[in-house]
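K.L.:
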Amino acid sequence: MPRHAAAHVDLDAVAHNVAVLKDLVAPAELCVVVKADGYGHGAEDVAHTAVAAGADRLAVALVEEGQELRDVGVEAPVLVLSQPPADAMADAFAAGLTPTVDTAEGIDAAAAASSGSGWAVHLKVDTGMHRVGCDPADAVVLATRAIEAGLRLEGTFTHLAVADEPERPETSCQLERFAAVLARLADVGVDPGLRHAANSAGALLHPDARMDLVRVGIATYGVPPAPGLRLPVELRPAMVVSAEVSHVGRADAGEGVSYGLRHRFDRPAELAVVPLGYADGVPRRLGELGAEVLIGGVRRPIRGVVTMDQLVVEVTGGPPVSVGDEAVLLGRQGDDEVTADEWAELLGTISYEIVCGFGPRLPRRHLRRVSHGADAAPAALGDPIGPR
Ligand SMILES: *Cc1c(COP(=O)(O)O)cnc(C)c1O
């Protein structure tokens, strides 16, 4: 018996976003980032859709995530975005993944796992974010070590810390430091392979960051990297989170709602219960922060705290609401739309955290009008595909 609540993922929107991004960044290669289960959208279906729509490569954060893609028949090159632990290198090699390396130990582990067979690796250089990546001063030594150990330097890259804030100066500073690293590699005759720096914001907003390849995650899913940006392409949000109203009720003036009875009604209120809660990815504080849900094409406020499995919406006045009516938490209904950015701004976070929050308890329904491979039956829009 399926839940009457789901995250609907429009794979046509993903395909559209991939196609417009590829066009925008050409001749750079497009690497679509599907870590964290495709930012909550389903890595398997997003991966197949992205490759069919023109993605040259895919990227993940973990070796396990790459193995899962191989297990479902994804054949495209898969870059692991950070250096895997030494004891995961053999699995990465066996799965035909492309690891990032940024330390001598990592290079030696990759060489040992692949026994001099020319395994492709990408060298990551830290140009200012100070998370991972080698010191720019060590890049030549590490690149040389990798090549001498029988690895193939397929790429050299860095990661931008503030690309989503286009007015800040640090992005060009990072790109200059990266250019200096590439120049030093050239001086000693080392081919850096594919040079890359751009995440979604870099690819969209900094043309000089596109280089040979861009690594786009959030834009693939139709979510802007930050609110209020002027984007050069039109992205389509892929995720709609909705549920059927499971109960309608009322409360008298002076009564409260949900745990803590923190919200008190100052007039008699009509209420609709939506069977989605924080265990599904709807943050508990959202109601108190003034978030709204679309029911009957009208914005309605969440009242009281979101509970583990359910939340309560006030529907006083306006069109009547019945059990079974569709409530849209994220996405479009009628002429209005609630975006992940809207929640993110209320919560003081970023849209990435919102979409990644929709976890395994919430059924995921993939909507697709186009087939993505010989063995994939085209599904009608609205048909659920796969177990979730
Ligand atoms: C996650 C990640 C990306 C993708 O970032 P978006 O902002 O989602 O496009 C790119 N590169 C690296 C190294 C990452 O970790």
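Going by our numbering, the first residue of the sequence shown is number 359, and it counts up by one from there. All C-beta atoms in this analysis are idealised placements derived from N, C-alpha and C, irrespective of residue type, glycine included. Quick caveat: nothing in here was measured; it's all calculated off a predicted structure.
Regarding A557 and ligand 1, is the C-beta to nearest heavy atom distance less than 8 Å?
P.N.:
The identity of residue 557 in the sequence shown is Asn, whereas the question assumes Ala. Result yes, Cβ under 8 Å from ligand 1.
K.L.:
Which residue wins for smallest C-alpha separation from V686, given the options I712, V713, V656?
P.N.:
Residue V656 is the option with its Cα nearest to V686.
K.L.:
How many angstroms separate the CA atom of V372 from the CA atom of D610?
P.N.:
Approximately 45 Å between the Cα atoms of the pair.
K.L.:
Does N557 have its Cβ less than 9 Å from a Cβ in chain D?
P.N.:
Considering every chain present, this structure includes no chain D. It has just one protein chain.
K.L.:
Under three-state DSSP, which class holds Q691?
P.N.:
If DSSP states are grouped into helix, strand and coil, Q691 belongs with the strands.
K.L.:
Return the Cβ separation of G648 and P659 in integer angstroms, given the expectation that the two are a contact with Cβ distance under 8 Å.
P.N.:
About 7 Å; that satisfies the 8 Å criterion.
K.L.:
Per DSSP, F515 is paired with what?
P.N.:
K482, H554.
K.L.:
Ignoring anything shorter than 4 residues, give me the alpha helix (DSSP H) runs that lie fully in the segment 645-724, in order along the chain.
P.N.:
Here the runs fully enclosed are 698-705, 709-714.
K.L.:
Could you spell out where the beta strand (DSSP E) holding S475 opens and where it closes?
P.N.:
Careful: S475 lies outside any beta strand (DSSP E) and carries neither H nor E.
K.L.:
Within the present structure, is the beta-carbon of L382 separated from the nearest heavy atom of ligand 1 by less than 8 Å?
P.N.:
Not so, every heavy atom of ligand 1 lies at least 8 Å from the Cβ.
K.L.:
Rounded to whole angstroms, what's the CA-CA distance from G715 to G645? Just pull it up for me.
P.N.:
So the alpha carbons of these two residues sit roughly 17 Å apart.
K.L.:
At a cut-off of 8 Å, would you count H374 as near ligand 1, judging by its Cβ distance to the nearest heavy atom?
P.N.:
For ligand 1, not one heavy atom lies less than 8 Å from the Cβ of H374.
K.L.:
Using DSSP bridges, identify the partner residues of P633.
P.N.:
P633 is not bridged to any residue.
K.L.:
Tell me which same chain residues have a C-beta within less than 6 Å of the C-beta of A411, skipping the five on either side of it?
P.N.:
The answer, listed in chain order, is A373, V376, A377.
K.L.:
Measuring only from the beta carbon, is Y710 closer than 8 Å to any heavy atom that is part of ligand 1?
P.N.:
Within the cutoff, so yes.
K.L.:
Nearest-angstrom Cα distance between W701 and S440?
P.N.:
Answer to the nearest angstrom: the Cα atoms are 29 Å apart.
K.L.:
Between the C-alpha atoms of P360 and A519, what's the straight-line distance to the nearest angstrom?
P.N.:
Going by the C-alpha atoms only, they are around 41 Å apart.
K.L.:
CB L306 to CB G513, shorter than 9 Å?
P.N.:
Residue 306 is absent from the structure shown; the chain starts at 359 and stops at 746.
K.L.:
If contacts are defined as beta-carbon pairs under 8 Å, then T578 and A408 qualify, I think. What distance do you get, rounded to the angstrom?
P.N.:
With a Cβ gap of about 7 Å, T578 and A408 count as contacting.
K.L.:
May I ask you to report which of helix, strand or coil DSSP gives M447?
P.N.:
Reduced to three states, the DSSP call for M447 is helix.
K.L.:
Let's test the definition: count the other Cβ atoms within 10 Å of the Cβ of A567 and tell me whether it reaches 16, buried, or not, exposed.
P.N.:
Label assigned to A567: buried.
K.L.:
If you reduce the DSSP assignment to three classes, tell me which class S440 lands in.
P.N.:
Coil at S440, not helix or strand.
K.L.:
Applying the criterion that 16 or more other CB atoms from any shown protein chain within 10 Å of the CB defines a buried residue, is H517 buried or exposed?
P.N.:
With 16 or more other Cβ atoms within 10 Å, it is buried.
K.L.:
Kindly list the residues whose CB is nearer than 8 Å to the CB of R643, restricted to its own chain and excluding five residues on each side of it in sequence; keep chain order.
P.N.:
Cβ neighbours of R643 beyond the five flanking positions: V663, V664, L705.
K.L.:
I'd like the list of long-range same chain contacts for M447, defined as Cβ closer than 6 Å, with 5 residues on each side in sequence excluded.
P.N.:
Excluding sequence neighbours, M447 sits near A467, A468, A471.
K.L.:
For G607, which three-state DSSP category applies?
P.N.:
Reduced to three states, the DSSP call for G607 is strand.
K.L.:
Output the distance between the C-alpha atoms of S709 and Y397, rounded to the nearest integer angstrom.
P.N.:
Answer to the nearest angstrom: the Cα atoms are 10 Å apart.
K.L.:
Taking contact to mean 3 or more Cβ pairs, one atom from each stretch, closer than 8 Å, check whether the segment 679-696 and the segment 598-615 are in contact.
P.N.:
Touching, per the Cβ criterion.
K.L.:
Would you call the CB atoms of V671 and V696 closer than 9 Å?
P.N.:
Not closer than 9 Å, so no.
K.L.:
Please classify V432 as buried or exposed, where buried requires at least 16 other C-beta atoms within 10 Å of its C-beta.
P.N.:
Buried, since its Cβ has 16 or more Cβ neighbours within 10 Å.
K.L.:
Could you check whether the segment 522-541 touches the segment 578-592, counting it as contact only if at least three pairs of C-beta atoms, one from each stretch, sit closer than 8 Å?
P.N.:
Cβ pair count under 8 Å is three or more, so yes.
K.L.:
What is the DSSP secondary structure of P385, counted as helix, strand or coil?
P.N.:
The answer is coil: DSSP assigns P385 none of H, G, I, E or B.
K.L.:
Pick out whichever of R723, V383, H480 has its Cα sitting closest to the Cα of S600.
P.N.:
The shortest Cα separation from S600 among R723, V383, H480 belongs to R723.
K.L.:
Leaving out the 5 sequence neighbours to the left and right, which residues in its chain are closer than 7 Å to P442 when beta-carbon positions are compared?
P.N.:
Around P442: V421, A450, P457.
K.L.:
Please classify S616: is it buried, with 16 or more other beta-carbons within 10 angstroms of its beta-carbon, or exposed?
P.N.:
So S616 ends up on the buried side.
K.L.:
Rounded to whole angstroms, what's the CA-CA distance from S475 to A501? Just pull it up for me.
P.N.:
Cα-Cα distance, rounded: 16 Å.
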